[in-house]
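Taken in order, the sequence shown gives residues 1331 to 1502; the numbers are from the working numbering. The next block holds one structure in the form of structure tokens; read it before the comments.
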Amino acid sequence: MNANETQTTNAAAIYLNFDPAQLQVNRITAGEAFDFTLDNAVDNAKGEINFAALVLDNALPTQSVDLVTINFTLLNAGGEQTLAFSMAAGRETMIANGGEEVTALSEDGKVVVEPVTTTPPPVTTGDRTAHGTLRDDQGHPIPGVTLEIDGKTATTDALGNWEINGLVDETT
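See the structure below:
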């Protein structure tokens, strides 16, 4: 919300409509400038957000402030969803100061969903080596056996020897 030194605001009632098939409200958090919340309700079935707040003890906003932050979940993939200010009777969005409505220009908001790219965690490669010789109960080498430690493998050679490199300290 924008305010300035010549046009302050001490009350705001914001009523938003959204498509409930596309969005779901998880949480509404009031901004810090308005210190008394009158209405903070969501109807995810109807696609309605009702939020109203007053300035009682705080200084009146004289600059741009966050009135409310809304956290949504996107229910269906689609790139863009609209948040529309309601002007319907009983749900009329308005900004006021000292009981007088302030002319406010409001623009519908858009929720733009951008693909999230996740970077896989780096593969940890250690500098440790495990090695040994695999023998049967009579002491003869056992060739061709595959051993695995933390996803790394080695196969015993003709003498039963094996070696796995690149292990980290935490390997058990």
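A virtual CB, placed ideally from N, CA and C, is assigned to each residue, including glycine.
Output the distance between the C-alpha atoms of Leu1464 and Thr1448, rounded to the nearest integer angstrom. As a first step, residue 1464 must be located in the sequence shown, where it is residue number 134. As a first step, residue 1448 must be located in the sequence shown, where it is residue number 118. Going by the C-alpha atoms only, they are around 42 Å apart.
Is there contact between the stretch 1372 to 1384 and the stretch 1342 to 1358, where contact requires at least three CB pairs shorter than 8 Å? With a cut-off of 8 Å, the stretch 1342 to 1358 and the stretch 1372 to 1384 count as touching, because enough Cβ pairs lie within range.
When the Cα atoms are used, what is the spatial distance from Asp1365 to Asp1387? To locate residue 1365, count along the sequence shown from 1; it is residue 35. To locate residue 1387, count along the sequence shown from 1; it is residue 57. Approximately 7 Å between the Cα atoms of the pair.
Return helix, strand or coil for Phe1415, following the three-state DSSP convention. Translated into the one-based positions of the sequence shown, residue 1415 becomes position 85. Residue state, collapsed to three classes: strand.
Cβ-Cβ separation, Ala1351 to Leu1397 (assumed contact under 8 Å), whole Å: Position 67 of the sequence shown, counting from 1, holds the residue named residue 1397. Position 21 of the sequence shown, counting from 1, holds the residue named residue 1351. At roughly 26 Å, the Cβ-Cβ gap does not stay under 8 Å, so Leu1397 and Ala1351 are not in contact.
Which partner residues of Lys1482 appear in the DSSP bridge assignment? Within the sequence shown, residue 1482 is the residue found at index 152, counting from 1. Ile1479, per the DSSP bridge assignment.
beta-carbon Gly1496 near the ligand COA non-hydrogen atom, thresh 6 Å: Looking for the ligand COA in the displayed structure turns up nothing, as the structure carries no ligands at all.
Give the straight-line distance between the Cα atoms of Thr1501 and Asn1495, rounded to the nearest whole angstrom. In the sequence shown, counting from the first residue as 1, residue 1501 sits at position 171. In the sequence shown, counting from the first residue as 1, residue 1495 sits at position 165. For Thr1501, the predicted model reports a pLDDT of 47, less than 50, meaning its position is unreliable; a value from the coordinates is still stated below. Rounded to the nearest angstrom, the two C-alpha atoms are 12 Å apart.
Rounded C-alpha distance that separates Asn1374 from Val1385: Taking the sequence shown and counting its residues from 1, the one referred to as residue 1374 is at position 44. Taking the sequence shown and counting its residues from 1, the one referred to as residue 1385 is at position 55. The straight-line gap from Cα to Cα measures roughly 28 Å.
Using the three-state DSSP reduction, which class does Thr1502 fall into: helix, strand or coil? Taking the first residue of the sequence shown as 1, we reach residue 1502 at position 172. Bear in mind that a pLDDT of 49 at Thr1502, under 50, signals an unreliable position, so the model cannot answer this.
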